[in-house]
RNA sequence: GAGGGAAUGCCGGAGUGGUCAAACGGGCUAGGUUUAGGACCUAGUGGUUUUUACCUUCGGGGGUUCGAAUCCUCCUUCCCUCACCA
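Numbering (the working numbering), first residue to last: 72 to 918.
Written as structure tokens, this is what we have:
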């Protein structure tokens, strides 16, 4: 049995690739002085979402992700494209800061070590990145442009400050993320979280909500991701109705203006900034007590909470009938959606009804009589629909049903609108109120403005100086970058506040004493434009040169996980649109095509994670089986967009396959290929080319397997054809393909060789000739069994109709022959013999 | 609650109107080879059997069609994402 020294082969080729700079775009000289001439090629920009460099290094899941992109990059390169395939690191961020502190190190060297390790591992995976184009967000050379864009956005009025609710830990004296504040308890010190209103920096993402939504239609993205973004942006059309609260107008957003006569109470969000202003003195104590127990600001937490509320003591006036409606403060209303207060209709909304069950002093008014059509509740099973329906409606309008009806119906108890269909009533009531100036049609979005400031150290400093006289003063462009100071103390609060020397600066406006903003940017700011930086990653004058952007952008193929559907992918689209409006770019969508890879699970079928101990380390796998076996195995497991389980046994099969290829190359006689092999090779080339092109790698591995199995049976094969077979294999198994390519006597790189030509369809040999003689045989058989008839009726597949030669058949059997297509409605077929017909076999009736 | 996806042998999964169900891999069984193990090679792996054949089967029910794993419809189960957005 062959023993292959994978480590040696892999090292050899990885070294050669790097030395000769063969994966670099135009203009990068290699060790031997050669420069790739790509000047006449079409560009192809392929990109994987850049990783956050974790100290534990890459695991097999990363290997899968990057192999998916690498295969495409290699395939495109061989197909004559100038490929830009870069890799960088999302180096800043909370996880790195926390991990470093835990390890007792400063985040900078800590992250640098991790990056170094990532790069080593990526090279060992055989990934064909252009390392001359790399970047890491932790260096001022990169993040100064975050600051630059911040200033530009600020100038354009897209950045502002506002107060928002945050989780505050009184003992740690800092803001806590939702993840760390589960159950309203601080993860670090177990003290109770308070909700505080704090000011922060916001980007007006909502300004682009409509465009972000509409732009989705143009994108070649998985439908799933588009749907997720659509939900996230969450456009909903409704009516804004003014209720009077303490003599002040308070607009309320609703999608159900048709139920306005059924409003029996209002609920204002417990997190609403104006809440205390409407709380009466008698209720103050109770509300304060209530607020203490609301828990965290996490919406997930909110969703799990029991609906609770407390009276504020204030009343709202219903504009349609002047009724006084009590206002509650509730834990289930979202503060920054609509106006933070909702009108509650317990008869026709589940949430409102749930609330009422606990506070039974609230009355319920039914204002919609359910209609039969579209009735959306379950009726008793032992009754007919009509009976059950009658009974339900009777009970419902009389207030005897404990539940909300949310389906369609006609209005009752609604003044002059009684008897109207409720969908029509929405419009009519809105118009009626609009005439009185009390309502208007509005569009609301779930998408919020993006709060991007963090009270953390390991991020881009926000370039602002606070001056007592001048207020918030932007750092002038010429003073950028504001470099993150290295000397800080980690522990309580924001580390940046511990470096006095850094904080105290002169105000750029008045020259007086100023202090630096100590908040840093969310790392999603970094990742919102990094794809624009790769093509011009060393530019010290500008974030990027427009000529290079014009050549390379937008990204032709973006690859990454579905977990980024709502955050990163929306922010990146938002940035692109803003930069377009600020005349930095002339396109408005960054990623034309998006591919979501599936997740790699451990052999236990669970998500790979340290705590489960099911992480597969590529270093070990490479040692045992060779990187190419691993790549082949990962890609052969399932379609790339489906999840798959790692299996130690499974990879053995791939190793066997690789060994087989080696043994073929050693044992086969080079000479002339057989006809069969030439035909097999050409059909494989056709299929594999198609499969690589649309990410159906799994199918490509199957075809390759068939090809080499077939090759193993051949007595001899031409060197050229063996070379072609290797080319087809090379995107998945680049190292061994290079090795065997060289053994074949080539002295160039298979990675840069031309992709084999696809022969146009050599369809299977025509069967038409055989069909007629087969029919004759069948007819003779039937004649013998059944007896005689004057006319022979044949029923054939529609697509075979043209192949039937009635003259020839008639002559052979000496009878009249009539042919019908099996789907011919006018055919003569008294015994249903058409059913007997199959492709290649006719139905026969003797009449 | 909303949206998306899925259900095929022992397992992972091909097949998305006919000529073709179960490719390809794993596992298992038998045989060969081997000092042994591993590796490798061959055959088998829904049922019947007269084995170049016939039947059964693609989560369940109904439908469209000459013909359905494939299209439509209802149901069941599972996975993912978002989730009290008024």
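Just so you know, even glycine gets a beta-carbon here, dropped at the ideal spot from N, CA and C.
Under a Cβ-count criterion, where at least 16 other Cβ atoms within 10 Å of its own Cβ denotes burial, should residue i be classed as buried or exposed?
{"i": "residue 28", "result": "This structure cannot speak to residue 28, because the chain is shown only from 72 to 918."}
{"i": "residue 298", "result": "exposed"}
{"i": "residue 474", "result": "exposed"}
{"i": "residue 218", "result": "buried"}
{"i": "residue 550", "result": "exposed"}
{"i": "residue 461", "result": "exposed"}
{"i": "residue 507", "result": "exposed"}
{"i": "residue 661", "result": "buried"}
{"i": "residue 300", "result": "buried"}
{"i": "residue 899", "result": "exposed"}
{"i": "residue 77", "result": "buried"}
{"i": "residue 698", "result": "buried"}
{"i": "residue 494", "result": "exposed"}
{"i": "residue 616", "result": "exposed"}
{"i": "residue 840", "result": "For residue 840, the predicted structure reports a pLDDT of 41, less than 50, and the residue's modelled location is therefore unreliable. The matter cannot be settled from this model."}
{"i": "residue 511", "result": "exposed"}
Identify the continuous beta strand (DSSP E) that holds residue i and give its terminal residues.
{"i": "residue 430", "result": "From DSSP, residue 430 is part of no beta strand (DSSP E); its letter is neither H nor E."}
{"i": "residue 605", "result": "No beta strand (DSSP E) holds residue 605; DSSP gives it neither H nor E."}
{"i": "residue 865", "result": "862-867"}
{"i": "residue 155", "result": "152-155"}
{"i": "residue 575", "result": "575-577"}
{"i": "residue 337", "result": "336-340"}
{"i": "residue 916", "result": "914-917"}
Between which two residues does the alpha helix (DSSP H) harbouring residue i extend?
{"i": "residue 480", "result": "Unbroken run through residue 480 is the beta strand (DSSP E), 480-482; no alpha helix (DSSP H)."}
{"i": "residue 262", "result": "It is not in any alpha helix (DSSP H) - residue 262 carries neither H nor E in the DSSP assignment."}
{"i": "residue 928", "result": "Nothing about residue 928 can be reported from this structure: the residues present for the chain run from 72 to 918 only."}
{"i": "residue 651", "result": "639-652"}
{"i": "residue 597", "result": "594-597"}
{"i": "residue 313", "result": "No alpha helix (DSSP H) holds residue 313; the beta strand (DSSP E) holding it covers 307-316."}
{"i": "residue 813", "result": "805-814"}
{"i": "residue 408", "result": "Unbroken run through residue 408: none, as it is neither H nor E."}
{"i": "residue 380", "result": "Run containing residue 380: none in the alpha helix (DSSP H); it sits in the beta strand (DSSP E), 380-388."}
Can you give me the Cβ contacts of residue i inside the same chain, cut-off strictly under 7 angstroms, excluding the 5 residues immediately before and after it?
{"i": "residue 526", "result": "245, 246, 565, 590"}
{"i": "residue 825", "result": "149"}
{"i": "residue 490", "result": "481, 482"}
{"i": "residue 783", "result": "731, 735"}
{"i": "residue 596", "result": "217, 523, 531"}
{"i": "residue 305", "result": "516, 517, 518"}
{"i": "residue 492", "result": "481"}
{"i": "residue 883", "result": "847"}
Got a sec? Which residues, its chain only, sit under 6 angstroms from residue i by beta carbon, not counting five neighbours each side?
{"i": "residue 811", "result": "736, 797"}
{"i": "residue 295", "result": "none"}
{"i": "residue 308", "result": "514"}
{"i": "residue 413", "result": "338, 404"}
{"i": "residue 919", "result": "Since the first residue of the chain shown is 72 and the last is 918, residue 919 is not available in this structure."}
{"i": "residue 425", "result": "378"}
{"i": "residue 838", "result": "Note that residue 838 scores 36 on pLDDT, short of 50, meaning its location in the model is unreliable and no value can be drawn from it."}
{"i": "residue 759", "result": "771, 774, 799"}
{"i": "residue 270", "result": "232, 234"}
Indicate, with yes or no, if the ligand NAD has a heavy atom lying under 6 angstroms from the CB of residue i.
{"i": "residue 404", "result": "Looking at this structure, you won't find the ligand NAD or any other ligand, since it has none at all."}
Leaving out five residues before and five after residue i in sequence, what residues of the same chain have Cβ atoms less than 8 angstroms from its Cβ?
{"i": "residue 963", "result": "Outside the shown range of the chain (72 to 918) lies residue 963, about which nothing can therefore be said."}
Could you give the uninterrupted runs of the beta strand (DSSP E) lying entirely in the segment 161-241, keeping only those of 3 residues or more? The segment 161-241 contains, as complete beta strand (DSSP E) runs of 3+ residues, the segments 230-240 (chain order).
If contact is defined by three or more beta carbon pairs under 8 angstroms, each pair taking one atom from either stretch, is the segment 74-90 in contact with the segment 114-121? No contact exists between the segment 114-121 and the segment 74-90.
Pairing CB atoms from the segment 570-579 with CB atoms from the segment 509-522, are three or more of them under 8 angstroms? Counting C-beta pairs closer than 8 angstroms gives fewer than three between the segment 570-579 and the segment 509-522, which falls short of the contact rule.
As an exercise, report each continuous beta strand (DSSP E) stretch of at least 3 residues that is fully enclosed by the segment 498-569, in chain order. Those beta strand (DSSP E) runs which fall completely within the segment 498-569 and span 3+ residues are 510-515, 535-538, 542-545.
Which ranges would you report for the beta strand (DSSP E) in the segment 716-768 if only whole runs of at least 3 residues count? If we require 3 residues or more, the segment 716-768 turns out to have no beta strand (DSSP E) run fully inside it.
Inter-stretch contact at 8 angstroms, needing at least 3 Cβ pairs: the segment 162-170 / the segment 223-234: With fewer than three CB-CB distances shorter than 8 angstroms, the segment 162-170 does not count as touching the segment 223-234.
Quick one: any contact between the segment 179-198 and the segment 626-641, if contact means 3 or more CB pairs under 8 angstroms? Contact between the segment 179-198 and the segment 626-641 is absent: fewer than three C-beta pairs spanning the two stretches fall below 8 angstroms.
I'd like to know if the segment 326-341 and the segment 525-544 are in contact, where contact means that at least 3 CB-CB pairs between them fall below 8 angstroms. Cβ pair count under 8 angstroms is below three, so no.
Tell me whether the segment 595-607 and the segment 127-135 touch, counting them as touching only if at least three CB pairs, one residue from each stretch, are closer than 8 angstroms. Inter-segment contact for the segment 595-607 and the segment 127-135 is absent: fewer than three beta-carbon pairs are separated by less than 8 angstroms.
Would you call the segment 613-630 in contact with the segment 186-206, where contact means no fewer than 3 C-beta pairs closer than 8 angstroms? In short, these stretches do not touch, since the Cβ pair count stays below three.
Okay, do the segment 685-695 and the segment 650-667 touch, 3+ Cβ pairs below 8 angstroms being the bar? No contact exists between the segment 685-695 and the segment 650-667.
Would you call the segment 717-732 and the segment 751-762 in contact, with 3 or more CB pairs under 8 angstroms? These segments do not touch.
Please confirm if the segment 784-795 is in contact with the segment 757-772, defined as three or more CB-CB distances below 8 angstroms between the two stretches. Between the segment 784-795 and the segment 757-772 there are fewer than three inter-stretch CB-CB distances shorter than 8 angstroms, so the stretches are not counted as touching.
Note down, one range per segment and in chain order, each alpha helix (DSSP H) of at least 4 residues found wholly within the segment 94-151. Complete alpha helix (DSSP H) runs here, min 4: 131-149.
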